[in-house]
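**Student:**
Chains as they are written, first to last, in UniProt numbering: chain A, 1 to 188; chain B, 1 to 277.
#1: Suppose you measure from the CA of residue 137(A) to the CA of residue 156(A); what does that come to, to the nearest Å?
#2: What are the residues of the stretch 73 to 94 of chain A that lie near chain B, defined by any Cβ-Cβ distance shorter than 7 Å?
#3: In chain order, what residues of the same chain have a beta carbon less than 8 Å from the beta carbon of residue 15(B), not counting five sequence neighbours either side?
#4: Could you spell out the range, first to last residue, of the beta strand (DSSP E) harbouring residue 151(A)?
#5: Quick check: what's the CA-CA separation for residue 135(B) versus residue 119(B)?
#6: If you measure from the beta carbon of residue 252(B) to each beta carbon in chain A, is any gap under 8 Å?
#7: When we look at the beta-carbon of residue 88(A) and count the other beta-carbons within 10 Å, is it buried (16 or more) or exposed?
#8: Looking at residue 12(A): is its Cβ nearer than 8 Å to the Cβ of residue 146(A)?
#9: Quick check: the Cα distance between residue 63(A) and residue 133(B), rounded to an integer number of angstroms?
#10: Please list, in chain order, the residues of the stretch 33 to 66 of chain A that have any C-beta partner in chain B closer than 8 Å.
#11: Please confirm whether residue 286(B) has its beta-carbon closer than 8 Å to some beta-carbon of chain A.
#12: Look at the Cβ atom of residue 111(B), then the Cβ atom of residue 140(B), and state whether they are nearer than 8 Å.
#13: Under a three-way DSSP split, which group does residue 54(A) fall into?
#14: Please determine, among 152(A), 177(A), 44(A) and 118(A), the residue with the shortest C-alpha to C-alpha distance to residue 165(B).
#15: For residue 76(B), would you say it is in contact with chain A, using Cβ-to-Cβ distances shorter than 8 Å as the test?
#16: Give the range of the alpha helix (DSSP H) segment to which residue 143(A) is assigned.
#17: Please classify residue 5(A): is it buried, with 16 or more other beta-carbons within 10 angstroms of its beta-carbon, or exposed?
#18: Would DSSP call residue 216(B) helix, strand or coil?
#19: Along the chain, which unbroken stretches of the beta strand (DSSP E) at least 3 residues long are found entirely within the stretch 183 to 245 of chain B?
#20: In or out: residue 249(B) buried (at least 16 other Cβ within 10 Å) or exposed?
#21: Alpha carbons only, please: which of 199(B), 245(B) and 13(B) is nearest the one belonging to residue 115(B)?
#22: When the Cα atoms are used, what is the spatial distance from residue 28(A) to residue 186(A)?
#23: Would you list, in sequence order, the uninterrupted alpha helix (DSSP H) runs of no fewer than 4 residues that lie entirely inside the stretch 110 to 152 of chain B?
#24: Less than 8 Å between the CB atoms is what I'm expecting for residue 263(B) and residue 273(B), so what's the real figure, rounded?
#25: Give the interface partners of residue 225(B) over in chain A, defined as CB-CB distance under 9 Å, in chain order.
#26: Would residue 96(A) count as contacting chain B if we go by Cβ distances under 8 Å?
#27: Taking the Cβ atom as the reference point for each residue, do residue 85(A) and residue 103(A) lie within a distance shorter than 8 Å?
#28: What does residue 113(A) reach in chain B if we use C-beta pairs closer than 7 Å?
#29: I want to know whether the stretch 227 to 243 of chain B touches the stretch 184 to 199 of chain B - three or more CB-CB distances under 8 Å.
#30: Determine the DSSP secondary structure at residue 345(B), reduced to helix, strand or coil.
#31: Can you grab the Cα-Cα spacing for the pair residue 161(A) / residue 161(B), in whole Å?
#32: Tell me the rounded alpha-carbon separation between residue 2(B) and residue 243(B).
#33: With a threshold of 16 other CB atoms inside 10 Å of the CB of residue 143(B), please say whether the residue is buried or exposed.
#34: Counting along the chain, where does the beta strand (DSSP E) carrying residue 108(A) start and finish?
#35: Spatial neighbours of residue 59(B) within its chain, please: CB distance less than 6 Å, with the 5 preceding and 5 following residues excluded, ordered by chain position.
#36: What is the C-beta distance between residue 39(A) and residue 121(A), in whole angstroms, given that I count them as a contact (C-beta under 8 Å)?
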């Protein structure tokens, strides 16, 4: 697979999991972007998200690995317990520095680093959650010319995270769940 | 309400300037570090000190003692005792039976930060009756971290979370057997502190300094780019005795590295390897 020129980021926390599954189910095969998902999860217990989703969706859902090139058509998950960053040479790197917004991985950390590297070829989605992670990341994506989309707080199971990001964002589109799914159905 | 300070931002080009300056004035080469992660740390330090790029460069050049502080702050010192209890279980059950066969053991905790990993290894060796023939080296790039490690004193808040880790390893003793608590801190027992020699060592530029049967370097390589990882893995390879063990972090593997061919995988998910040639 060739190196991804476009990147789509999805950040979610409490209440976002089932929407993320719906999103991933709707993504066509052979897209020319990489998709990177950060979901807050406890690192003290092993999780099987990648494995069970791979089976369910019949496509590879990969844990993002350190220093691996970000490729088209791949769907990556940030591993629990580490911050996930994007390097200028379009590889991932992991980092175990202090949690940000009580979270590691932090949505802000991924969004900010990906925004700077992918600039206007970066699209970021922020979904349901119970803290403020992602709000700053959304701002940074906008600063570097990327596209930002926030889940409509009325559609979010827990609206703290999307509401907080809407307050600080200058140009994010606020979309209903259905519109978000439609977006992913039509990516190329 | 006090206004939150806006985070400081520098560009990758500006980061390169700082890296270049450090190399020139202090002979510290950070050019092989993962750039995004390093940039975050530098920005964080600038934020704490309310510095802009000019201030930072000036401090590196002119402020005595700033450089050591800089290294301390930009290296990630997040560590725990018995971090990843499964790893320590595997060490005890799979690696230590091999180590029993050596009359003397040398262990290297590389990138040991404030010493928690080195002390964990010391305690585990003690529990398996191997400590009296073992000697542990704990090394780190940050002298400040080494100074803390030498003291072997940790806050009770930390000890509490280390106890949870320890209990999950499933050893016979209690974690509290291994330290003495006083007010809000605890000191690791003397026998463990005497079993570890902490010193300054820079994986970027320093070389082999002894031969080891066990090297643990967990969550250090993720901060390095591929090329620097290759260099460091070579140092480890050269430092290991034949059939010695190399333990990396759970997200760090030898996969894709040339040196891989000289190792046997002992545990794939915990990244424990044995040198076989």
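Note that the Cβ used here is the ideal one computed from N, Cα and C, for glycine as well.
**Tutor:** With the structure as the only source:
#1: Taking the first residue of the first chain as position 1, residue 137(A) is located at position 137. Taking the first residue of the first chain as position 1, residue 156(A) is located at position 156. C-alpha separation (whole angstroms): 19 Å.
#2: 79, 82, 85, 86, 87, 88, 93 and 94
#3: Along the second chain, read from residue 1 onward, the residue named residue 15(B) stands at position 15. Closer than 8 Å at Cβ, skipping near neighbours: 35, 38, 39 and 42.
#4: By 1-based counting over the first chain, the position of residue 151(A) is 151. Unbroken beta strand (DSSP E) run through residue 151(A): 147 to 151.
#5: On the second chain, position 135 is the one that residue 135(B) refers to. On the second chain, position 119 is the one that residue 119(B) refers to. Cα-Cα distance, rounded: 11 Å.
#6: The count along the second chain starts at 1 and reaches residue 252(B) at position 252. Yes, contact with chain A.
#7: By 1-based counting over the first chain, the position of residue 88(A) is 88. Looking at its Cβ environment, which holds fewer than 16 other Cβ atoms inside 10 Å, residue 88(A) is exposed.
#8: If you number the first chain from 1, residue 12(A) lands on position 12. If you number the first chain from 1, residue 146(A) lands on position 146. No; because the gap between Cβ atoms is not below 8 Å, this pair is not in contact.
#9: Position 63 of the first chain holds residue 63(A). Position 133 of the second chain holds residue 133(B). Near 40 Å, if we compare the C-alpha coordinates of residue 133(B) and residue 63(A).
#10: 65 and 66
#11: Residue numbering for chain B in the displayed model covers 1 to 277; residue 286(B) lies beyond these limits and cannot be assessed.
#12: Position 111 of the second chain, counted from the first residue, corresponds to residue 111(B). Position 140 of the second chain, counted from the first residue, corresponds to residue 140(B). Yes, they are a contact pair.
#13: For the purposes of this step, residue 54(A) is taken as the residue at position 54 of the first chain. Three-state result, residue 54(A): helix.
#14: Start at 1 with the first residue of the second chain, and residue 165(B) comes out as number 165. When each option's Cα is compared against that of residue 165(B), the closest is 44(A).
#15: Position 76 of the second chain, counted from the start, is the residue given in the question as residue 76(B). By this cut-off, residue 76(B) is an interface position.
#16: Taking the first chain and counting its residues from 1, the one referred to as residue 143(A) is at position 143. Segment 135 to 143, the alpha helix (DSSP H) holding residue 143(A).
#17: Here residue 5(A) is taken as the residue at index 5 of the first chain, counted from 1. It is exposed - the Cβ of residue 5(A) has fewer than 16 other Cβ atoms within 10 Å.
#18: As a position in the second chain, residue 216(B) is number 216, starting the count at 1. Strand at residue 216(B).
#19: 185 to 188, 196 to 200 and 212 to 217
#20: Here the question's residue 249(B) lines up with position 249 in the second chain. So residue 249(B) counts as buried.
#21: As a position in the second chain, residue 115(B) is number 115, starting the count at 1. Per the Cα distances, 199(B).
#22: As a first step, residue 28(A) must be located in the first chain, where it is residue number 28. As a first step, residue 186(A) must be located in the first chain, where it is residue number 186. Using only the alpha carbons, I get a separation of about 8 Å.
#23: 116 to 127 and 143 to 151
#24: Position 263 of the second chain, counted from the start, is the residue given in the question as residue 263(B). Position 273 of the second chain, counted from the start, is the residue given in the question as residue 273(B). Yes, residue 263(B) and residue 273(B) are in contact; Cβ-Cβ is about 4 Å, under 8 Å.
#25: Sequence index remark: in the second chain, residue 225(B) carries index 225 (1-based). Chain A residues near residue 225(B): 67, 87, 89, 91 and 93.
#26: For the purposes of this step, residue 96(A) is identified with residue 96 of the first chain, where counting begins at 1. Cβ-Cβ to chain B under 8 Å: yes for residue 96(A).
#27: As a working note, residue 85(A) is residue 85 in the first chain. As a working note, residue 103(A) is residue 103 in the first chain. Taking 8 Å as the Cβ cut-off, residue 85(A) and residue 103(A) do not qualify as a contacting pair.
#28: Walking along the first chain from the start, residue 113(A) turns up at place 113. Those are 36, listed as they occur along chain B.
#29: no
#30: Because chain B here runs from 1 to 277, residue 345(B) falls outside it and cannot be looked at.
#31: Counted from its first residue, the first chain places residue 161(A) at position 161. Counted from its first residue, the second chain places residue 161(B) at position 161. Cα-Cα distance, rounded: 28 Å.
#32: The residue given as residue 2(B) occupies position 2 in the second chain. The residue given as residue 243(B) occupies position 243 in the second chain. Caution applies to residue 2(B), whose pLDDT of 42 falls short of 50 and renders its modelled position unreliable; the model cannot decide the point.
#33: Walking along the second chain from the start, residue 143(B) turns up at place 143. With fewer than 16 other Cβ atoms within 10 Å, it is exposed.
#34: Indexing the first chain from 1 puts residue 108(A) at position 108. Per DSSP, residue 108(A) belongs to no beta strand (DSSP E); it is in the alpha helix (DSSP H), 107 to 118.
#35: Taking the second chain and counting its residues from 1, the one referred to as residue 59(B) is at position 59. Counting only Cβ-Cβ distances below 6 Å, and skipping sequence neighbours, we find 66.
#36: Counted from its first residue, the first chain places residue 39(A) at position 39. Counted from its first residue, the first chain places residue 121(A) at position 121. The Cβ separation is near 23 Å, so there is no contact.
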